[in-house]
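First up is the structure itself, then whatever we jot down about it.
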Amino acid sequence: MTTDALIDLGWSEHFAAEVADGEGPIARITSVHRSRAEAVGPDGPMTLAPGDTPLVVGDWVVVADDSVARVFPRRTVLARRAAGAESAAQLIAANVDTLAIVSSCNADFNVARIERYLAMALQAGCTPVIVLTKADECDDPDDFARRAAAISPLAQAIVVNAKAAEDVRQLDALCGPGQTLALAGMSGVGKTTIRNALTGEEALTAGIRADDARGRHTTTSRQMRRTLAGGWLIDTPGMRELGLAEASAGIGELFADIQALTEACKFRDCAHESEPGCAVTAAVAAGALDKERLERWRKLKREEQVYTAGVAETRSRQKGQQRIYNEGTNRGRAKRGDSGRR
């Protein structure tokens, strides 16, 4: 194992500090399946049996006997609320440096949806960028670029024609040696075409339905691939909906202007609706805060609060079940005169 080989895979001092003396080979997870995981190490690709900790693409692991012995603490982790659940998170990718939020220069461009991805990226600790595709099919791509840039000063907006490989080269700086870039967005916005250009592969792309400008899902699972620029790319399946998991910090960072206003309200428990002395509603009345932006913030805050409450309820229920189990076990031992020690 050489340090240079690991750095090439995205290794950093963050992970080096977690290595224990005498630990076995180190690898990075490139895809996860039900009973196995694909990984790449300094000596090349390998197939591993998963351990007890759920794996996600991008994880760093210690290998022992063709199995995952340990998962390193994740530097960044992208997560969404699991479909159909109010209090369960689904991991998307780990140890990602940059999240490219892919949208298109057409009717699919949606500020609220992009804000969700931005909140997820900021919560994870990734650098977000907004990549606008289908520039060749739009009369005024610069207008979309301005609208995207206006969403947040924290995310650069990049306009590309995904079908022109030389145009996609703008993204090479985000996935150079030692860097990991993830692509996320709805189906049909051009993620697979971008992936093909960045990796040199010719993966299947599906046709676009003319009635709604959307395509069929062509990426069916998450996988980490080598890029032509020398880094790594994680492509994700198209998401029809992005429900946020724990995202309070990400929402606060994305809406820092509104967060600052809430701290100037007269009452600490101000709901920012019609309370006297509310700095938020005063800013809207003065034209300093866009009302639609405020409504989007309110919606995300409500959703995050529901998720947090659901997680707390689930944990409380699990603790209660564990307590009942422990009490039953202790009663059984007492009847047998068994201390539980061997």
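Position 85 of the sequence shown, counted from 1, bears residue number 397 in my numbering, the numbering being contiguous throughout. All residues carry an ideal CB built from backbone N, CA and C; glycine is no exception.
Simplified DSSP assignment, three categories, for P453: Here P453 sits in helix by DSSP.
V501: buried (16+ other C-beta within 10 angstroms of its C-beta) or exposed? buried
Give me the residue from R387, V423, E350 with the minimum Cα distance to A469. V423
Going by DSSP in three states, M432 sits in which element: helix, strand or coil? helix
Using three-state DSSP, classify I463 as helix, strand or coil. coil
By Cβ distance, which residues of its chain are closer than 6 Å to A591, with the 5 residues on each side in sequence left out? Only L573, A576, C577 meet the Cβ criterion.
Limits of the unbroken beta strand (DSSP E) element including D316: Here D316 belongs to no beta strand (DSSP E); instead the alpha helix (DSSP H) covers 315-320.
Are three or more beta carbon pairs between the stretch 363-379 and the stretch 413-420 nearer than 8 Å? no
Based on the DSSP output, what are the partners of M536 in its beta bridges? I546
Is it buried or exposed, Q617, if we count other Cβ atoms within 10 angstroms and call 16 or more buried? exposed
Going straight from the alpha carbon of P489 to that of A509, what length do you get? Using only the alpha carbons, I get a separation of about 17 Å.
Any non-hydrogen atom of the ligand SAH closer than 8 Å to W609 Cβ: The ligand SAH is not among the ligands present in this structure, which contains no ligands whatsoever.
Just checking my contact of I341 with V369 at CB under 8 Å: how many whole Å lie between their CB atoms? 6 Å
Secondary structure, alpha helix (DSSP H): runs of 4+ residues fully inside the stretch 486-514: 503-511
Whole runs of the beta strand (DSSP E) within the stretch 537-622, excluding any shorter than 3 residues: 544-547
Classify S533: buried if its beta carbon has 16 or more other beta carbons within 10 angstroms, exposed otherwise. exposed
For V480, three-class secondary structure by DSSP: helix
With a threshold of 6 Å on Cβ separation, who are the neighbours of E565 within its own chain once the five nearest residues in sequence on each side are excluded? Correct list, in chain order: L434.
Tell me the residue span of the alpha helix (DSSP H) that contains E325. 325-328
Which one or two residues does DSSP pair with S347 in a beta bridge? None; S347 has no bridge partner.
Measure the alpha-carbon distance for D320 versus E604 and round it to whole angstroms. Inter-residue distance for D320 and E604 is about 44 Å (C-alpha atoms, whole angstroms).
Could you check where the beta strand (DSSP E) with P440 kicks off and where it finishes? 439-445
Between the stretch 467-486 and the stretch 387-397, do three or more beta carbon pairs fall short of 8 Å? Result no; under three Cβ-Cβ pairs closer than 8 Å.
For the pair the stretch 451-461 and the stretch 480-489, tell me if three or more CB-CB distances fall below 8 Å. no
What is the rounded straight-line gap between the Cα of P385 and the Cα of I506? 30 Å
So which of V480, A332, R608, R645 has the shortest CA-CA distance to L540? V480
Member of V331, V344, G512, R580 whose CA lies at the smallest distance from the CA of A405: Closest by alpha carbon: V344.
Best match in D316, R428, D547 for proximity to A258 [C-alpha to C-alpha]: A query on residue 258 cannot be resolved here, the shown segment of the chain reaching from 313 to 654 and no further.
Quick check on the burial criterion: 16 or more other C-beta atoms within 10 angstroms. Buried or exposed for S347? Within a 10 Å sphere around the beta-carbon of S347 sit fewer than 16 other beta-carbons, which makes this residue exposed.
How would you call G599, buried or exposed, if buried means at least 16 neighbouring beta carbons within 10 angstroms? Burial is judged here by how many other beta carbons sit within 10 angstroms of a residue's own beta carbon; G599 has fewer than 16 and is exposed.
Under 9 Å between the Cβ atoms of V268 and A436? The question about residue 268 has no answer, for the chain in this structure spans 313 to 654.
Distance between E478 and T620 (C-alpha atoms, nearest Å): Their Cα atoms are separated by approximately 44 Å.
Of the residues G555, L411, T548, the one placed nearest L493, counting alpha carbons only: L411
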